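Each remark here refers to the structure printed beneath this line.
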Amino acid sequence: MSESTMPQVNAEFGAAPQIEFPTPSAPAGLKSVEIVEGDGPVVRKGDTVTVNYHGVVWGKQAPFDSSFERHSPASFGIGVGQVIRGWDQTVPGHNVGSRLVVSIPPEYGYGSRGVPQAGIGGDDTLVFVIDIISTR
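Going by our numbering, the first residue of the sequence shown is number 16, and it counts up by one from there.
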């Protein structure tokens with residue numbers, strides 16, 4: 016996969032993300048790029064991870080959800096169905112201290128119904144910037 020099809024994101028772990036979209040259309044399929052490689056423990060399926068994240072619909076700037084804006088990281092089980100499939104399939108295998116940018120099509124996100132109250136349509140591709148803070 017060419018990184019040029021993925022959004023450009025500032026590479027400062029812990030800093031609120033700034034996202035630039037390279038094209039009006041999202042790439043096909045589930046895509047993930049590690050833009051900062053952490054040196055902490057590896058996240059494994061079944062772990063409880065703590066992350067900061069920033070989620071937008073492809074091409075939009077305003078987040079539908081952002082723990083960065085709330086100044087409150089989130090913790091949850093990963094790889095066990097507690098979050099959308101796109102997260103379950105892309106976060107495990109990365110190290111604590113990593114920053115990921117993930118492009119998630121509807122079938123790996125909220126499905127064809129989307130989340131209308133959050134401004135997510137059924138055919139919207141989601142982009143998340145994820146900072147992995149800890150795992151246990």
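Glycine is no exception: its CB is placed at the ideal position from the N, C-alpha and C atoms. Quick caveat, the model's predicted, so the values are computed rather than measured.
For a test of the three-state rule: what should DSSP assign to residue i, helix, strand or coil?
i, result
"Gln76", "coil"
"Asp103", "helix"
Select from the options the residue whose C-alpha is nearest the C-alpha of residue i.
i, options, result
"Ile147", "His69, Gln23, Gly126, Ala41", "His69"
"Ile145", "Pro131, Thr20, Asn25", "Asn25"
"Asn110", "Lys60, Gly44, Ala43, Gln23", "Lys60"
"Pro22", "Thr150, Ser149, Thr140, Arg151", "Thr140"
"Phe143", "Ser149, Ser87, Ser47", "Ser47"
Count the other CB atoms, across all protein chains shown, that sit within 10 Å of the CB of residue i; report buried if there are 16 or more and exposed otherwise.
i, result
"Pro39", "exposed"
"Met16", "Because Met16 sits at a pLDDT of 43, beneath the cut-off of 50, its placement in the model cannot be relied upon, and the point is left open."
"Val124", "A quick correction: the sequence has Gly, not Val, at residue 124. Flag for Gly124 reads buried."
"Pro78", "buried"
Validate contact between the region 91-101 and the region 56-64 using beta carbons, cut 8 Å, 3 pairs: With the cut-off at 8 Å, the region 91-101 and the region 56-64 touch.
Cβ pair count under 8 Å reaching 3, the region 106-126 against the region 77-85: Cβ pair count under 8 Å is below three, so no.
Inter-stretch contact (C-beta, 8 Å, three-pair minimum) for the region 17-35 and the region 95-109: Between the region 17-35 and the region 95-109, the count of C-beta pairs closer than 8 Å stays below three; the two stretches do not touch.
Ordered list of alpha helix (DSSP H) runs contained in the region 17-89, each at least 4 residues: If only complete runs of 4 or more residues are kept, the region 17-89 shows the alpha helix (DSSP H) at 82-85, in order along the chain.
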